[in-house]
Amino acid sequence: MSESLLQVNDLKTWFPMKKGLMSRVVGHVKAVDGVSFEIGAGETLGLVGESGCGKTTVGRTLLRLIPATGGTVRFDGKNVFDLKGDPLRALRRDMQIIFQDPYSSLNPRMDVRSIIGEALQVHGIAKGQELEDRVAALMTRVGLLAEHMRRYPHEFSGGQRQRIGIARALALEPKFIVCDEAVSALDVSVQAQILNLLEDLQQEFGISYLFISHDLSVVRHISDRVAVMYLGRIVELADVDELFDNPSHPYTRALLSAIPVPRPGAKKDRVQLDGDVPNPIDPPTGCHFHPRCPMVKAGEGVPECSTGACPETVTVGPNHFAACHLIQPGT
Amino acid sequence: MSSSSEPLLRLENLRTHFKMEGGIAKAVDGVNYSIFPKKTLAVVGESGCGKSVTAMSIMGLIPCPPGIKAGGKIWYRDQDLRTYSDDQLRKIRGNEIAMIFQEPMTSLNPVYTVGDQIGEAVRLHQGMSRKDAHDKAIEMLAKVGIPSPEKRVDEYPHQMSGGMRQRVMIAMALSCDPEVLIADEPTTALDVTIQAQILDLMTELQDTTGASILFITHDLGVVAEVSDHVAVMYAGKVVEYADAKTLYESPQHPYTVGLFRSIPDLYVRQKQLQTIPGVVPSPLDFPSGCRFRNRCPLADGRCGQEEPLLRNVGEGHTVACHAVEEGRAADVDFSTVSEV
Chain C
1 MSESLLQVND
11 LKTWFPMKKG
21 LMSRVVGHVK
31 AVDGVSFEIG
41 AGETLGLVGE
51 SGCGKTTVGR
61 TLLRLIPATG
71 GTVRFDGKNV
81 FDLKGDPLRA
91 LRRDMQIIFQ
101 DPYSSLNPRM
111 DVRSIIGEAL
121 QVHGIAKGQE
131 LEDRVAALMT
141 RVGLLAEHMR
151 RYPHEFSGGQ
161 RQRIGIARAL
171 ALEPKFIVCD
181 EAVSALDVSV
191 QAQILNLLED
201 LQQEFGISYL
211 FISHDLSVVR
221 HISDRVAVMY
231 LGRIVELADV
241 DELFDNPSHP
251 YTRALLSAIP
261 VPRPGAKKDR
271 VQLDGDVPNP
281 IDPPTGCHFH
291 PRCPMVKAGE
301 GVPECSTGAC
311 PETVTVGPNH
321 FAACHLIQPG
331 T
Chain Z
332 MSSSSEPLLR
342 LENLRTHFKM
352 EGGIAKAVDG
362 VNYSIFPKKT
372 LAVVGESGCG
382 KSVTAMSIMG
392 LIPCPPGIKA
402 GGKIWYRDQD
412 LRTYSDDQLR
422 KIRGNEIAMI
432 FQEPMTSLNP
442 VYTVGDQIGE
452 AVRLHQGMSR
462 KDAHDKAIEM
472 LAKVGIPSPE
482 KRVDEYPHQM
492 SGGMRQRVMI
502 AMALSCDPEV
512 LIADEPTTAL
522 DVTIQAQILD
532 LMTELQDTTG
542 ASILFITHDL
552 GVVAEVSDHV
562 AVMYAGKVVE
572 YADAKTLYES
582 PQHPYTVGLF
592 RSIPDLYVRQ
602 KQLQTIPGVV
612 PSPLDFPSGC
622 RFRNRCPLAD
632 GRCGQEEPLL
642 RNVGEGHTVA
652 CHAVEEGRAA
662 DVDFSTVSEV
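First to last, the protein sequences are chains C and Z. For the first sequence, this note's numbering gives the first residue as 1, with consecutive numbering after it. For the second sequence, this note's numbering gives the first residue as 332, with consecutive numbering after it.
The structure is reproduced here in structure tokens:
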């Protein structure tokens, strides 16, 4: 693997729950609870999981959009959580985000030139005619017409708006972009256009992506490696083909088998998961997944599953890690 | 049509337009499809293609104005629902034809218990007493797999998760034992593991109740899993109709072909996804002739002038495309279309 650009170690993001007149803190929602991974230069790490598993919080905590409770994030050799003032501003140029909803993430009162050019202006990189030229070049690069610069977001379709969001993220020539459900709101034919664009940009500029999505076919398509999250923790992490062809965690297996395949009659043996994702305010003891785990249901569980500690992450194979009491470490 | 039985519900050239500031939006503009007893018809298409407006039209839920009933017929048991009065429709709606909406969060009333909401339909249509309706609600909740139904029946929607709420919606829709169940993107807002539960539940309930299902979705994976027949819609029209197997194995319309190519495959990793260039046209301003022609690599002069009609290309397989009709649709290469 290439030299890692981003190293996340034991990241924790807890949200306090307050109660009563004095806003006494009565507990924490452990949205992210001990997450570790690395992303290399020019690499795409897919981060998948169901709603409420904490995948979006991971992305936002890395960028310091939400304060972290614990752990470290090193980016390009610098400790992200220690930076202040100018070094932090410089870091922000290198780390960008593309949001899910192209409707609510663009200010309706700003024209496209201001939306894309704002960061260039704020960081004092360009102004006046130069700014306009840079914005025009960015718009052309993401497949928009530069003469539409004076238009407002409502004049564009969903796919075009997502292109505006991408141009905005690219403006500062970042090394790393968090794509938070960046194609989820789009129709399939448009989604394919945006995925191709993201891949082209990666080739051209060597950008690394953290690609957060609940859509596993999209993640399979775009990622080099994939991490699966469940209730604030990563339960499995592996190279993309390994994860999809040879999943080892029972949750990953259930998740993969739940995806409908666009082939009629291709009924697979579905690993049915009962119930919903538990409430992160009060997660189950032991392994967070045990109340829904098909292996525990089948009587293959061990006492640690329900009463023991949280399972440690073990190496299952080359570049393949999983956290489950029932998985024996491999080589 | 391939099925031996008569269709239960048949749309004939259905048109629903909307009066808008910029002109007339032809959201549904000549839709034909049939739903057969105990079968599932999936209607697929991208946002704005008119699939939901078609469903709302069947239910008579389009407010006019701004809606305009621009023509066509909705045949249900030899009756045209379009000619029904509001009172007549009210007897059918929720009773013989029921609907499940996409958003289980917004389509349940937050100030009534789920039991009240499930019971409402049976009290209204079958004149059940409050007590019986409450029992019926418990029975329905049990049927859709909600644990301890006698407790949950008195809960409010906000006390339930998204998957649970969707089960409540299904319980509500099925409480009067409808002939036709219209499901408009019923699993789109749900996580895949919950989606799998709901899809299995719907298939199971169809086996026991024998209801026909009109399943509206944009997810071609879901379509493959649930449907017997598929209608592909584009810009207010059905462009292709076939049984599910035929459609997936040999799609004919260039739009259908393009749609399939643009889904990332879970098992085979492609280098680059193939895309359909351009965007869906605005319903205020559809192109003349074939509405797909601006994005179609096979378009020629005739496509600009003459609107293609649905024609048989095989048993129960109809396609609306001049190129297919003329036999020059063997190879669809979208890279030749210049972006507009």
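Backbone N, C-alpha and C define an ideal beta-carbon position, used for all residues, glycine too. From a predicted model like this one, the values you see are computed outputs, not experimental measurements.
Neighbour flag for residue i against chain C, beta carbons, 9 angstroms
| i | result |
| --- | --- |
| M351 (chain Z) | no |
| H549 (chain Z) | yes |
| R461 (chain Z) | no |
| D418 (chain Z) | no |
| S333 (chain Z) | With a pLDDT of only 44 at S333 (chain Z), under the threshold of 50, the placement of this residue in the model should not be trusted; the figure read from the coordinates follows. No, S333 (chain Z) lies away from the interface with chain C (no Cβ there is under 9 angstroms from its Cβ). |
| I513 (chain Z) | no |
| K576 (chain Z) | yes |
| R483 (chain Z) | no |
| L604 (chain Z) | yes |
| V407 (chain Z) | Just to set this straight, residue 407 (chain Z) is Tyr in the shown sequence, not Val. For Y407 (chain Z), the answer is no, since every Cβ of chain C falls outside 9 angstroms of its Cβ. |
Any C-beta of chain Z under 9 angstroms from that of residue i
| i | result |
| --- | --- |
| N196 (chain C) | yes |
| F205 (chain C) | no |
| I327 (chain C) | no |
| H214 (chain C) | yes |
| Q202 (chain C) | no |
| L334 (chain C) | Residue 334 (chain C) is absent from the model: chain C starts at 1 and stops at 331. |
| I222 (chain C) | yes |
| M1 (chain C) | Residue placement at M1 (chain C) is flagged as unreliable, the pLDDT there being 45, under the threshold of 50; a coordinate-derived value is accordingly withheld. |
| T199 (chain C) | First, the residue type needs correcting, since residue 199 (chain C) is Glu and not Thr in the sequence shown. Answer yes: the Cβ-Cβ gap between E199 (chain C) and chain Z drops below 9 angstroms somewhere. |
| D241 (chain C) | yes |
Helix, strand or coil at residue i [DSSP, three-state]
| i | result |
| --- | --- |
| M1 (chain C) | A caution first: M1 (chain C) carries a pLDDT of 45, below 50, which makes its placement in the model too unreliable to give a value. |
| G213 (chain C) | The question names Gly, but residue 213 (chain C) in the sequence shown is Ser. DSSP places S213 (chain C) in strand when its eight states are reduced to three. |
| Q497 (chain Z) | helix |
| L138 (chain C) | helix |
| R151 (chain C) | coil |
| I525 (chain Z) | helix |
| R626 (chain Z) | helix |
Nearest residue (CA-CA) to residue i, options the options
| i | options | result |
| --- | --- | --- |
| M503 (chain Z) | Z:I355, Z:G425, Z:T667, Z:R622 | Z:G425 |
| E377 (chain Z) | Z:L420, Z:P612, Z:F367 | Z:P612 |
| R292 (chain C) | C:G232, C:R74, C:V277 | C:V277 |
| L439 (chain Z) | Z:S492, Z:N643, Z:D463, Z:G552 | Z:S492 |
| S257 (chain C) | C:H290, C:P294, C:C287 | C:P294 |
| R141 (chain C) | C:V122, C:R163, C:Q121 | C:R163 |
| P329 (chain C) | C:L106, C:S248, C:R113, C:E38 | C:S248 |
| V188 (chain C) | Z:M471, Z:K568, Z:I594, Z:E451 | Z:I594 |
| D596 (chain Z) | Z:I366, Z:N625, Z:D550, Z:P618 | Z:D550 |
| L273 (chain C) | C:L255, C:I281, C:R263, C:P280 | C:L255 |
| L144 (chain C) | C:G159, C:E132, C:G70 | C:G159 |
| D508 (chain Z) | Z:T524, Z:I529, Z:I469, Z:L536 | Z:L536 |
Endpoints, beta strand (DSSP E) assigned at residue i
| i | result |
| --- | --- |
| E38 (chain C) | 24 to 40 |
| Y572 (chain Z) | 568 to 574 |
| I366 (chain Z) | 354 to 366 |
| D515 (chain Z) | 511 to 515 |
| A401 (chain Z) | 398 to 407 |
For residue i, the first and last residue of its enclosing alpha helix (DSSP H)
| i | result |
| --- | --- |
| T57 (chain C) | 55 to 62 |
| G450 (chain Z) | 445 to 457 |
| G165 (chain C) | 158 to 170 |
| V655 (chain Z) | 653 to 656 |
| A468 (chain Z) | 461 to 474 |
Where residue i meets chain C, residues with beta-carbon distance less than 9 angstroms
| i | result |
| --- | --- |
| E535 (chain Z) | Within chain C, no residue comes near E535 (chain Z); the closest Cβ sits about 12 angstroms away, beyond 9 angstroms. |
| R496 (chain Z) | Correct list: empty, because the minimum Cβ distance to chain C is about 11 angstroms. |
| G552 (chain Z) | S217, I259, P260, V261, P262, R263 |
Under 8 angstroms from the C-beta of residue i: neighbouring residues of chain C
| i | result |
| --- | --- |
| H489 (chain Z) | Correct list: empty, because the minimum Cβ distance to chain C is about 14 angstroms. |
| Y579 (chain Z) | P262, R263, P264 |
| R622 (chain Z) | None at all; the shortest Cβ gap to chain C is about 14 angstroms. |
Residue i: contacting residues in chain C (beta-carbon distance under 7 angstroms)
| i | result |
| --- | --- |
| S492 (chain Z) | D276 |
| E556 (chain Z) | P260 |
Chain-ordered chain Z contacts of residue i [CB-CB under 7 angstroms]
| i | result |
| --- | --- |
| I98 (chain C) | Within 7 angstroms Cβ-Cβ: nothing; I98 (chain C) doesn't reach chain Z, min ~18 angstroms. |
| L255 (chain C) | V523, T524 |
| S51 (chain C) | D522 |
| R270 (chain C) | A527 |
| Q193 (chain C) | T606 |
Contact test: residue i Cβ vs the ligand HEM heavy atom, cutoff 8 angstroms
| i | result |
| --- | --- |
| G620 (chain Z) | Judged by which ligands are present, the structure shown has none, so any question about the ligand HEM falls away. |
Chain Z contact residues for residue i, given Cβ-Cβ distances below 8 angstroms
| i | result |
| --- | --- |
| V188 (chain C) | E377, H549, L551, L590, S593, I594 |
Listed by chain order, chain Z residues near residue i by CB distance under 9 angstroms
| i | result |
| --- | --- |
| G159 (chain C) | V610 |
| A227 (chain C) | Here the premise fails: no neighbours, minimum Cβ distance about 17 angstroms. |
Minimum Cβ-Cβ distance from residue i to chain A less than 9 angstroms
| i | result |
| --- | --- |
| F211 (chain C) | No chain A is part of this structure, whose protein chains are labelled C and Z. |
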